[in-house]
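Colleague: Can you keep this structure in mind? I'll have questions shortly.
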Amino acid sequence: MTIRTHIRAVLFMLAPLILAACGGGGSGSNVSAAAVEGQFIDSIVIGLRYETPTTSGFTDEQGHFNYRPGETVRFFVGDIFIGEAVGQALITPVELVAGTVDENDSQVLNIVVFLQSVDDDGDESNGIRITTVANDATAGQTVDFTLAEGVFDTDGALQVLINTITASNGMARGLVPRDQARAVFGGNLLGLLAGEYRGTFTGDDTGNWVARVDANGNITGISTSDSFGADAISGALSSSGQANISGSVGTAVFSGIFSRSGEAAGSWQDDDGATGSFTGSRVSQAAPPSTGDGTPPAGGTGSGSLSLTGIDSAVIGAAFTPNTGVAVIDDPFFGTGNVSVNWNQTFVGESPAGVESRTLSFLFNENDGNIRSVGYLRSFITQSGISLYIYSLDCELSPQLCASIVLGSGNRQITFNNTMLAADSDSENAAAGAIELMGSLNW
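Counting from 23, one number per residue, gives the positions in the sequence shown under our numbering.
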């Protein structure tokens with residue numbers, strides 16, 4: 023079949039590798055080129071010393087530094103070398119360690135722990151400020167950020183150094199707990215991917231798509247096929263950028279890159295061999311970085327909850343209670359009258375490390391008030407892969423099943439009365455059977 027966004031599409035987006043190669047033979051300086059501005063983010067880092075072949079200084083109140091295109095930028099806390107990367111608009115500790123993608127690499131996390139620990143007031147949510155006295159307190163010191171996790175955290179010399187640096191600011195403290203630093207930085211990486219993206223897909227089918235990524239990595243939007251019309255899409259994004267997005271039903275698989283620089287590109291193929299490509303870019307951006315503790319915010323006021331029954335409920339959960347804000351996306355851009363309403367419940371797991379996302383989406387048309395489709399997706403994303411449990415109900419194909427749904431668009435509520443969603447036939451789907459939904463959700 024051609025790509026049908028009116029049926030569930032499973033979209034895997036590979037990690038954005040904004041990985042700058044380290045020096046190696048030296049970047050040729052280009053003194054004649056105009057200096058440009060980059061930004062360093064763990065949280066916003068103020069007072070971080072930097073050097074390039076042609077300039078040097080300290081990051082400003084927004085973490086900005088200057089470099090010329092092609093130059094390698096080296097970063098320091100006083101005399102302590104943190105790492106280096108080829109100059110670019112955005113550099114995080116991930117870019118300082120070649121071959122890494124997120125906060126789970128031990129060397130990246132060592133850098134993150136150190137930077138958060140030397141903050142002047144111990145509160146990274148208002149930015150990490152490295153004071154002049156803190157920079158001076160590192161004179162003649164070095165830190166080995168390649169040490170293994172347990173070795174780095176218990177290194178006696180490092181503990182003394184952190185105590186000395188923080189004491190110079192008036193209150194001696196120890197290292198920030200590793201799990202705390204990981205959660206904060208992971209949340210900030212997600213915030214750097216946030217925004218609204220728009221693009222097109224071409225090939226054996228063509229169309230447009232629009233998606234919003236929030237600061238917690240939740241993805242919602244609408245995909246509109248020139249042949250098959252519009253469908254709601256939703257999914258979850260990990261801090262590395264790896265994601266899955268699905269529509270109401272589906273078989274098409276997309277692979278590509280969503281980068282922190284705001285570009286999206288890749289290819290798609292469905293199970294009947296139809297293929298094509300997609301591209302897009304961020305048209306608006308949330309204010310970076312996220313400065314929370316990594317815990318998703320509460321859902322929208324009175325979001326409600328659902329109970330789930332069925333053979334898979336032991337795996338996918340017997341209840342669905344949104345823990346992020348409701349995303350409502352209408353379609354003024356393409357003029358279809360379709361409205362996508364999306365709720366998400368996201369968990370960050372430690373063992374195995376990964377992101378679990380539960381998403382309930384439905385699509386209705388505001389012109390005629392009819393529900394088009396309902397979908398439920400449970401996904402778990404880890405370094406080793408993605409497991410998917412996908413369920414859907416097409417109200418145009420099964421209107422009798424949709425009679426159990428009450429839509430109150432005036433009071434912005436949808437109620438399910440033992441509404442059955444079938445397990446999709448997608449070969450990637452691990453679902454064993456149908457589920458039933460009971461309860462109400464508001465938006």
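Just so you know, even glycine gets a beta-carbon here, dropped at the ideal spot from N, CA and C.
What does a CB cutoff of less than 8 Å around Val135 pick up in its chain, not counting 5 residues either side in sequence?
Modeller: Phe174, Asp175, Leu197, Val198, Arg200, Ala203
Colleague: From what residue to what residue does the alpha helix (DSSP H) around Ser283 run?
Modeller: Per DSSP, Ser283 belongs to no alpha helix (DSSP H) and is neither H nor E.
Colleague: Tell me the start and end of each unbroken beta strand (DSSP E) in the segment 411–445 that is at least 3 residues and wholly inside, in chain order.
Modeller: Listed in chain order, they are 427–430, 435–445.
Colleague: So Thr81 and Gly69 are supposed to be a Cβ contact under 8 Å. How far apart are they, rounded?
Modeller: 6 Å
Colleague: Quick check: the segment 438–449 against the segment 408–428, are at least 3 beta-carbon pairs closer than 8 Å?
Modeller: yes
Colleague: Under a three-way DSSP split, which group does Thr186 fall into?
Modeller: helix
Colleague: Within the same chain, show all residues whose beta-carbon is closer than 6 Å to that of Phe167, passing over the 5 residues directly before and after it, in chain order.
Modeller: Gln129, Asn132, Ile133
Colleague: For Trp231, list the residues DSSP reports as bridge partners.
Modeller: Gly221, Ser245
Colleague: Expressed to the nearest angstrom, what Euclidean distance is found between the alpha-carbon atoms of Gly239 and Gln110?
Modeller: 23 Å
Colleague: For a quick check, are the C-beta atoms of Asp124 and Gly208 less than 8 Å apart?
Modeller: yes
Colleague: Quick check on Thr224: buried or exposed, where buried means 16 or more other Cβ atoms within 10 Å of its Cβ?
Modeller: For Thr224, the number of other beta carbons within 10 angstroms of its own is below 16, and it is reported as exposed.
Colleague: Quick one: grab the DSSP three-state call for Val123.
Modeller: coil
Colleague: Are three or more beta carbon pairs between the segment 185–197 and the segment 213–227 nearer than 8 Å?
Modeller: no
Colleague: Expressed to the nearest angstrom, what Euclidean distance is found between the alpha-carbon atoms of Phe98 and Leu118?
Modeller: Spanning the two alpha carbons is a distance of roughly 12 Å.
Colleague: Ignore the nearest five residues each way along the sequence and tell me which others in Thr331's own chain have a CB closer than 6 Å to its CB.
Modeller: Cβ within range, chain order: Glu458.
Colleague: Kindly identify the DSSP beta-bridge partner or partners of Leu197.
Modeller: Answer is none; Leu197 lacks a bridge partner.
Colleague: In whole angstroms, give me the CA-to-CA distance for Ser414 and Val428.
Modeller: Those two C-alpha atoms are separated by around 17 Å.
Colleague: What does the alpha-carbon distance come out to for the pair Ile333 and Thr242?
Modeller: 27 Å
Colleague: What's the C-alpha gap between Gly298 and Ser247?
Modeller: Inter-residue distance for Gly298 and Ser247 is about 13 Å (C-alpha atoms, whole angstroms).
Colleague: So, for Asn387: in the same chain, excluding its five sequence neighbours on each side, which residues have a beta-carbon less than 6 Å away from its beta-carbon?
Modeller: Residues of the same chain with a CB within less than 6 Å of the CB of Asn387, apart from the 5 flanking positions on each side, are Gly359, Asn360 in chain order.
Colleague: Evaluate Val232 with the Cβ neighbour count: other Cβ atoms within 10 Å of its Cβ, from every protein chain shown; 16 or more gives buried, anything less gives exposed.
Modeller: buried
Colleague: What is the rounded straight-line gap between the Cα of Asn433 and the Cα of Arg380?
Modeller: 24 Å
Colleague: For the alpha helix (DSSP H) containing Phe136, name the first residue and the last one.
Modeller: 128–139
Colleague: For the candidate residues Ala107, Thr343, Gly302, whose alpha-carbon lies nearest to that of Gly230?
Modeller: Rather than Gly, the amino acid found at residue 230 in this sequence is Asn. Comparing Cα positions, the closest option is Gly302.
Colleague: Would you report the Cα separation of Val155 and Asp101, rounded to the nearest angstrom?
Modeller: 12 Å
Colleague: Determine the closest residue to Ser335 out of Thr94, Ala170, Ala453, with distance taken between C-alpha atoms.
Modeller: Check the Cα spacing between Ser335 and each of Thr94, Ala170, Ala453: the tightest is with Ala453.
Colleague: Can you list, in chain order, the residues of its chain whose CB lies under 6 Å from that of Glu83, leaving out five sequence neighbours each side?
Modeller: Ile68
Colleague: Does DSSP classify Thr90 as helix, strand or coil?
Modeller: The residue you asked about is not Thr; residue 90 is Arg in the sequence shown. Arg90: coil per DSSP, three-state reduction.
Colleague: Does Asn345 have its Cβ less than 8 Å from a Cβ in chain B?
Modeller: Here there is only one protein chain, and chain B is not present.
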